[in-house]
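The structure appears right after this line, and notes come after that.
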Amino acid sequence: MIDVAIIGGSFSGLTAALQLGRASRSVTVVDAGAPRNRMSPAAHGVPGWDGVPPSEILARIRADVMAYPTVRFVSDEVMGVARDTDCLRLECANSGSVETRRVLLAHGIRDRLPDLPGAAEAWGTRLLHCPYCHGFELRNRPLAVLGIHPMSGHQATMLRADWSDDVTLLTGMGVDVDIDGLGGVSLDARPVTALRESDDGITAVFENGTSSVFAGVFAAPRVTLADTPAEMLGCAMADGPLGPFVLVGPMGQTSVQGVFAAGDCASPAHSVTPALGAGAMAGVGCHQSLLFPDMFPPFEVSK
Ligand SMILES: Cc1cc2nc3c(=O)[nH]c(=O)nc-3n(C[C@H](O)[C@H](O)[C@H](O)COP(=O)(O)OP(=O)(O)OC[C@H]3O[C@@H](n4cnc5c(N)ncnc54)[C@H](O)[C@@H]3O)c2cc1C
4 MIDVAIIGGS FSGLTAALQL GRASRSVTVV DAGAPRNRMS PAAHGVPGWD GVPPSEILAR
64 IRADVMAYPT VRFVSDEVMG VARDTDCLRL ECANSGSVET RRVLLAHGIR DRLPDLPGAA
124 EAWGTRLLHC PYCHGFELRN RPLAVLGIHP MSGHQATMLR ADWSDDVTLL TGMGVDVDID
184 GLGGVSLDAR PVTALRESDD GITAVFENGT SSVFAGVFAA PRVTLADTPA EMLGCAMADG
244 PLGPFVLVGP MGQTSVQGVF AAGDCASPAH SVTPALGAGA MAGVGCHQSL LFPDMFPPFE
304 VSK
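What the sequence shown shows, in the working numbering, is residues 4 to 306, in sequence order.
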């Protein structure tokens, strides 16, 4: 039986493992190797790492973590997790089961990309989710926002205010987008049927056969936690603007005894720096709950 099993070995999970390793606790990090920003050439807004590829940042953090002898890293996917008589048990796809006193969920979320040919290929390079992460590199160039979320107008307004004078909101996506008060944003109601990425931009192809070229297209896709360990354990969740997230207390404790969570899966907003911070707090929370079992009771969901 180990002390802590961490599901997900990316920004939040590795940072939690670092705290636990420094307390010489036995930790197994099980990671399926698909961090959310893996297709992005550079991560931005991460102090000390601004503009560095996500894979490089993660390799460096992992090297730090693996210097601690009680931490084990397993490249595998957790397919099941449940409470056993006196422990929690993970079932991994290829490496059998892990019995553990605590589970820390750091498995992130899954993006539900717009159902358009070319969207998956352009995701993270020319089809982008966040002005703070990727807007500066495309500033003062023609930008579009796919109107796939009621708040897409909000995203377009932000981009128009501080990133580019040339912002088009593509409203023909079948979603009722709030377009009140969109100062300076152009509206285009032609339904988009495909996206095509090229070296210096992305083309939106419209239903009527016409097309427009942009330096980047922004979109805020819904996210899901369906079929993840958080759902399997029955953790209480709330609905954020982009989708569900696990409810946690200040030290990452979830509504399920012995289960902690951190990072994108436990936050309504998603970026690397908060995931690092939440991972650190949940790692400490897990550790202290091993020493003082009553210190962090399950997070109570207020009615
Ligand atoms: C295209 C794109 C670009 C982005 N760019 C930026 C940026 O520039 N700056 C920024 O701050 N933020 C950026 N973000 C957000 C950032 O990627 C996330 O906030 C961050 O990755 C969250 O870290 P995490 O550790 O919570 O989850 P993730 O990084 O998503 O890692 C979760 C890990 O858990 C693993 N996993 C999932 N399920 C299981 C399972 N069942 N068993 C085992 N392992 C599992 C996954 O394979 C993955 O390795 C971007 C997001 C996207 C989509």
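Backbone N, C-alpha and C fix where the C-beta goes; we use that ideal spot for every residue, glycine too.
Sequence-distant residues of the same chain with beta carbon closer than 7 Å to residue i, five excluded per side
i: E124; result: E200
i: V55; result: A45, A46
i: V304; result: A239, L250, S258
i: S100; result: R92, L93, E94
i: D53; result: H47
Residue i classed as buried or exposed, judged by whether at least 16 other C-beta atoms fall within 10 angstroms
i: N40; result: buried
i: T213; result: exposed
i: M240; result: buried
i: R142; result: exposed
i: M284; result: buried
i: R163; result: buried
i: G83; result: exposed
i: A312; result: Lying before the first or after the last residue shown, residue 312 is absent from the chain, which here runs from 4 to 306.
i: T174; result: buried
i: L91; result: buried
i: T88; result: exposed
i: R188; result: Looking at the sequence shown, residue 188 is not Arg but Val. Label assigned to V188: buried.
i: A122; result: buried
i: P57; result: buried
i: R105; result: buried
i: L279; result: buried
i: G184; result: exposed
i: A8; result: buried
i: D179; result: exposed
i: D34; result: buried
Among the options, the one whose alpha carbon lies nearest that of residue i
i: D165; options: V178, G280, G186, G177; result: G186
i: N211; options: D168, G150, A192; result: A192
i: M42; options: A229, G111, L130; result: L130
i: F209; options: R63, A197, G219, C268; result: A197
i: M161; options: D230, Y71, P253, F139; result: F139
i: P38; options: F295, D118, R113; result: R113
i: P247; options: L294, T73, D230, A96; result: D230
i: V77; options: S27, G36, F295; result: G36
i: A26; options: L190, A70, G266, C95; result: A70
i: S167; options: L17, D181, P134, I151; result: P134
i: E102; options: S29, D181, G24; result: S29
i: M254; options: P300, S274, A223, L245; result: P300
i: L190; options: L21, M176, L116; result: M176
i: E94; options: P117, L236, G282, H273; result: L236
i: R115; options: T73, T18, V226; result: V226
i: A19; options: V178, G282, V106; result: G282
i: P224; options: I182, G266, H273, E59; result: H273
i: I151; options: P244, S15, G288, V32; result: P244
i: L293; options: P271, G266, F302, Q260; result: Q260
i: F14; options: I205, G111, A207; result: G111
Contact test: residue i Cβ vs ligand 1 heavy atom, cutoff 7 Å
i: D267; result: yes
i: E94; result: no
i: P316; result: Residue 316 is absent from the model: the chain starts at 4 and stops at 306.
i: W126; result: yes
i: C136; result: yes
i: I10; result: yes
i: D34; result: yes
i: T103; result: no
i: M42; result: yes
i: S58; result: no
i: P117; result: no
i: H290; result: no
i: F14; result: yes
i: A285; result: no
i: S274; result: yes
i: D114; result: yes
i: T231; result: yes
i: A37; result: yes
i: A66; result: no
i: G48; result: yes
i: V81; result: yes
i: A62; result: no
Own chain, CB closer than 8 Å to residue i, minus 5 neighbours either side, in chain order
i: V249; result: L108, L228, A233, C238, A239, M240, T257, A264, C268, A269
i: P120; result: T196, A197, L198
i: P50; result: T276
i: T128; result: M42, S43, P44, E200
Contacting residues, own chain, Cβ-Cβ under 6 Å from residue i (five flanking each side not counted)
i: P145; result: D169, F217, A218
i: V148; result: S155, Q158, A159, L172, F221
i: Q291; result: M298
i: N97; result: D79
i: G286; result: A19, Q22, L23
i: H137; result: L131
i: R75; result: T31
Interface flag, residue i vs chain D, CB-CB below 8 Å
i: G252; result: Chain labels in this structure do not include chain D; a single protein chain is all it has.
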